[in-house]
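Here is the structure we will look at.
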Amino acid sequence: MARAATATINLSAIRHNYELAKSMAPEQRALAIIKADAYGHGAVRVAEALSDIADGFGVACIEEAVELREAGVTLPILLLEGFFSADELEYISENQLWCTVHSWEQIEALQTASLKQPIKIWLKMDSGMHRVGIQPADYKDAYSRLSEMDQVSDIVMMSHFSSADEPEKPVTDTQIATFNQATEGLDSPVSLANSAGTMEHNGARREFQRPGIMLYGATPFMTSHPVADKLQPAMTLSSEVIAVRELEAGEPVGYGCTFVCDKPSRVGTVAMGYADGYPRHAKTGTPVLVNGQMSRIIGRVSMDMLAVDLTDIDDAKVGSPVEFWGENLLASDVAVHCDTIPYTLFTGITRRVHKKYI
Ligand SMILES: *Cc1c(COP(=O)(O)O)cnc(C)c1O
240 MARAATATIN LSAIRHNYEL AKSMAPEQRA LAIIKADAYG HGAVRVAEAL
290 SDIADGFGVA CIEEAVELRE AGVTLPILLL EGFFSADELE YISENQLWCT
340 VHSWEQIEAL QTASLKQPIK IWLKMDSGMH RVGIQPADYK DAYSRLSEMD
390 QVSDIVMMSH FSSADEPEKP VTDTQIATFN QATEGLDSPV SLANSAGTME
440 HNGARREFQR PGIMLYGATP FMTSHPVADK LQPAMTLSSE VIAVRELEAG
490 EPVGYGCTFV CDKPSRVGTV AMGYADGYPR HAKTGTPVLV NGQMSRIIGR
540 VSMDMLAVDL TDIDDAKVGS PVEFWGENLL ASDVAVHCDT IPYTLFTGIT
590 RRVHKKYI
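Last residue of the sequence shown: 597 (the working numbering), numbering continuous.
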């Protein structure tokens, strides 16, 4: 049998989660964000699975859009960072990609481009995250410059939240107020909300939502949330026990001997490591399911293997199934033990992991 490390992707869960996102603002549109290979779930497969219900897709760059167009995806695709160099504009125009404009450099480049067809522009404002975007005070100037260009067909006004996943902070409301003030009198559709904005903030739900992480069944919030309870995890990462050790108290496990048995223990070695994308930051105690029973990682995660505690797991033996996150163990709960967020767990899965679609 081949190495068992597998990411099982449940496409109907992704459809369910998209429809949940959509139901938060049923009259409006929602672009399914499938950048970074659909957060590790496989962009083409996810796009195909959503093709009859999605209003369009969002990706980070032209390479990701080309992959989708070449696979036959015809729905609108938004480039979330726009173009990085002016020579991308020809493809963008010919393939009718929707294109973010976040800087004056991009506006200049667009002005001098000669295009076969005008492009739909998503003009991004820096409403407080201070990453990319036109400053609020300059936004109307940028908007009118673009409105007058033959290269531009129409404009969507967008911004992005820094802290929508922390509803207790006032930052999101401040960003919305900044955006609303700077766009007063402009008549174009608006897009503000990522998953957290879509799930939590009434004022953030406008003409286009941009849900990402929630499509994959993980919550952006650190605390419980009523909408999060309805999400269905889409990726189950699993493998198998490949060896079992009976160890005396005092015996160490793994690199650096960082874990030492405090009592006689059964330890399982599992075919899963950081080269598969399982985080090396996972500390002793990170939850894992063996034979469907809750257990824990012990010692350091190696490149190709890691150790789990089998002491209290009935019947665990070579070949026993191990689930690292998924339907029965939330990636967001695992992430807490690895000082990270579910986004990095999903996007970190490497090509050595066999992908199975159900
Ligand atoms: C990635 C991204 C999103 C999706 O964010 P989630 O937190 O995954 O929902 C939305 N908008 C922009 C501009 C993004 O870059």
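We put the beta carbon where it would ideally sit given N, CA and C, even for glycine.
Note to self: Just to confirm the assignment: which complete beta strand (DSSP E) runs, minimum length 3, are found wholly within the region 352 to 416?
What the structure shows: 358 to 364 and 391 to 398
Helix, strand or coil for His625, going by three-state DSSP, please let me know. Look at the range of the chain in this structure, 240 to 597, and you will see that residue 625 is not part of it.
Item to check | Cβ-based neighbour list, Val483, same chain, cut-off 8 Å, excluding 5 preceding and 5 following | outcome: Within the sequence shown, residue 483 is the residue found at index 244, counting from 1. So the list reads Arg505, Val506, Gly507, Thr508, Leu549, Ala555, Lys556 and Val557, once near-sequence residues are dropped.
*asked:* Could you tell me the alpha carbon to alpha carbon distance between Ala277 and Val283, rounded to whole angstroms?
replied: If you number the sequence shown from 1, residue 277 lands on position 38. If you number the sequence shown from 1, residue 283 lands on position 44. Each residue's Cα considered, the two are about 8 Å apart.
Among Thr458, Met453, Glu562 and Phe418, the one whose alpha carbon lies nearest that of Gly442:
Numbered from 1 along the sequence shown, position 203 holds the residue referred to as residue 442. Comparing Cα positions, the closest option is Phe418.
For this session: List the DSSP bridge partners of Asp543.
Result: Locating residue 543 in the sequence shown gives position 304, counting from the first residue. DSSP lists no partner for Asp543.
Length of the line joining the Cα atoms of Gln471 and Thr247 | Counted from its first residue, the sequence shown places residue 471 at position 232. Counted from its first residue, the sequence shown places residue 247 at position 8. Near 13 Å, if we compare the C-alpha coordinates of Thr247 and Gln471.
Item checked: Exposed unless 16 or more other CB atoms sit within 10 angstroms - verdict on Phe322 -> Here residue 322 corresponds to residue number 83 of the sequence shown, with the count starting at 1. Label assigned to Phe322: buried.
- Classification of Ile292 by the beta-carbon crowding that lies within 10 angstroms, buried from 16 upward: Here residue 292 corresponds to residue number 53 of the sequence shown, with the count starting at 1. With fewer than 16 Cβ atoms within 10 Å of its Cβ, Ile292 is classed as exposed.
Original post:
Does the pairing of the region 248 to 256 with the region 460 to 480 give three or more beta-carbon distances under 8 Å?
Top reply: yes
- Message: Please determine whether the Cβ atom of Ile452 lies at a distance below 6 Å from any heavy atom of ligand 1.
- Response: Start at 1 with the first residue of the sequence shown, and residue 452 comes out as number 213. Ligand 1 has a heavy atom closer than 6 Å to the beta-carbon of Ile452.
Three or more C-beta pairs under 8 Å: does that hold for the region 338 to 348 against the region 359 to 370?
yes
Since Ala521 contacts Val547 with CB under 8 Å, what's their CB separation in whole angstroms? Taking the first residue of the sequence shown as 1, we reach residue 521 at position 282. Taking the first residue of the sequence shown as 1, we reach residue 547 at position 308. That belief does not hold up - the Cβ atoms of Ala521 and Val547 are roughly 11 Å apart, past 8 Å.
Practice task
Keeping to the same chain, check which residues put their C-beta closer than 7 Å to that of Gly281; ignore five residues upstream and five downstream.
Solution key: For the purposes of this step, residue 281 is identified with residue 42 of the sequence shown, where counting begins at 1. For Gly281, same chain residues with a beta-carbon under 7 Å away, outside a window of 5 residues either side, are Ile248 and Lys594 in chain order.
So is Lys274 buried or exposed if we call it buried at 16+ other beta carbons inside 10 Å? What you label residue 274 is simply residue 35 of the sequence shown in a count that begins at 1. Burial of Lys274 is indicated by the presence of at least 16 other C-beta atoms within 10 angstroms of its C-beta.
Can you tell me which residues form a DSSP beta bridge with Val283? Against the sequence shown, residue 283 aligns to sequence position 44. In DSSP, Val283 forms no bridge with anything.
* To do: Can you have a look at Gly565 and say buried or exposed, based on whether 16 or more other CB atoms are within 10 angstroms of its CB?
  => The residue you call residue 565 lines up with position 326 of the sequence shown. Buried, since its Cβ has 16 or more Cβ neighbours within 10 Å.
_If you reduce the DSSP assignment to three classes, tell me which class Leu431 lands in._
Taking the first residue of the sequence shown as 1, we reach residue 431 at position 192. In this structure, Leu431 counts as coil in the three-state DSSP scheme.
Anticipated Cβ contact below 8 Å, Val561 with Val480, distance rounded: As a working mapping, residue 561 is identified with position 322 in the sequence shown. As a working mapping, residue 480 is identified with position 241 in the sequence shown. That belief holds up - the Cβ atoms of Val561 and Val480 are roughly 6 Å apart, short of 8 Å.
*asked:* Any heavy atom of ligand 1 inside 6 Å of the beta-carbon of Leu584?
replied: The residue you call residue 584 lines up with position 345 of the sequence shown. It does not: the Cβ of Leu584 is nowhere closer than 6 Å to a heavy atom of ligand 1.
- Determine the extent of the alpha helix (DSSP H) in which Glu258 is found, giving its start and end residues. Here residue 258 corresponds to residue number 19 of the sequence shown, with the count starting at 1. The continuous alpha helix (DSSP H) containing Glu258 extends over residues Leu250 to Ser262.
Q. So, using beta-carbon positions, are Gln390 and Ala348 closer together than 7 Å?
A. The sequence position of residue 390 within the sequence shown is 151, counting from 1. The sequence position of residue 348 within the sequence shown is 109, counting from 1. Cβ distance not < 7 Å, so Gln390 and Ala348 don't count as in contact.
Could you tell me how far apart the beta carbons of Phe478 and Ala243 are, in whole angstroms, since I believe they sit closer than 8 Å? Here residue 478 refers to the residue found at position 239 when the sequence shown is read from its first residue. Here residue 243 refers to the residue found at position 4 when the sequence shown is read from its first residue. In the sequence as displayed, the identity of residue 478 is Ser instead of Phe. About 5 Å separates the two Cβ atoms, so the contact holds.
Per-residue burial, Lys261 [other beta carbons within 10 Å of its own, 16 or more giving buried]
Counting from one through the sequence shown, the residue named residue 261 turns up at place 22. Counting Cβ neighbours within 10 Å, Lys261 comes out buried, since at least 16 surround it.
Below 8 Å on the Cβ atoms is my contact criterion, and I expect Ile588 with Gly516 to pass it. Report the Cβ-Cβ distance as a whole number of Å. Walking along the sequence shown from the start, residue 588 turns up at place 349. Walking along the sequence shown from the start, residue 516 turns up at place 277. Yes, Ile588 and Gly516 are in contact; Cβ-Cβ is about 4 Å, under 8 Å.
_Buried or exposed (CB count within 10 angstroms, at least 16 for buried), Ser398_ = Counted from its first residue, the sequence shown places residue 398 at position 159. By the 10 Å Cβ count, Ser398 comes out buried.
#### Entry: Three-state secondary structure assigned by DSSP to Pro581
Stepping through the sequence shown from its first residue, residue 581 is reached at position 342. Helix.
Can you have a look at Pro409 and say buried or exposed, based on whether 16 or more other CB atoms are within 10 angstroms of its CB?
-> For the purposes of this step, residue 409 is taken as the residue at position 170 of the sequence shown. The residue in question, Pro409, is exposed, as its Cβ has fewer than 16 Cβ neighbours within 10 Å.
- Nearest to Leu568 by CA position, among Ile552, Met544 and Thr525, is which residue? Working through the sequence shown from its first residue, we reach residue 568 at position 329. Nearest of Ile552, Met544 and Thr525 to Leu568, Cα basis: Thr525.
Q.
Can you tell me where the beta strand (DSSP E) holding Ser534 begins and where it ends?
A. Residue numbering aside, residue 534 sits at position 295 when the sequence shown is read from its first letter. Per DSSP, the unbroken beta strand (DSSP E) holding Ser534 starts and ends at Gln532 to Ile537.
ask   = Quick one: does the C-beta of His593 sit closer than 6 Å to a heavy atom of ligand 1?
value = Working through the sequence shown from its first residue, we reach residue 593 at position 354. Checking the Cβ of His593 against ligand 1 gives no.
Checklist entry - When the Cα atoms are used, what is the spatial distance from Gly489 to Asp501? => result For the purposes of this step, residue 489 is taken as the residue at position 250 of the sequence shown. For the purposes of this step, residue 501 is taken as the residue at position 262 of the sequence shown. Approximately 6 Å between the Cα atoms of the pair.
- Query: Is any heavy atom in ligand 1 found nearer than 6 Å to the beta carbon of Leu319?
  - Reply: Locating residue 319 in the sequence shown gives position 80, counting from the first residue. Under cutoff, so the answer is yes.
For Leu319, collect the residues of the same chain with a Cβ closer than 7 Å to its Cβ; drop the 5 residues on either side in sequence, then sort them by chain order.
-> If you number the sequence shown from 1, residue 319 lands on position 80. So the qualifying residues of the chain are Lys274, Gly297, Val298, Ala299 and Thr339.
- What whole-angstrom Cβ distance do Ile316 and Leu328 have, given they're in contact under 8 Å? By 1-based counting over the sequence shown, the position of residue 316 is 77. By 1-based counting over the sequence shown, the position of residue 328 is 89. That pair is no contact at about 15 Å.
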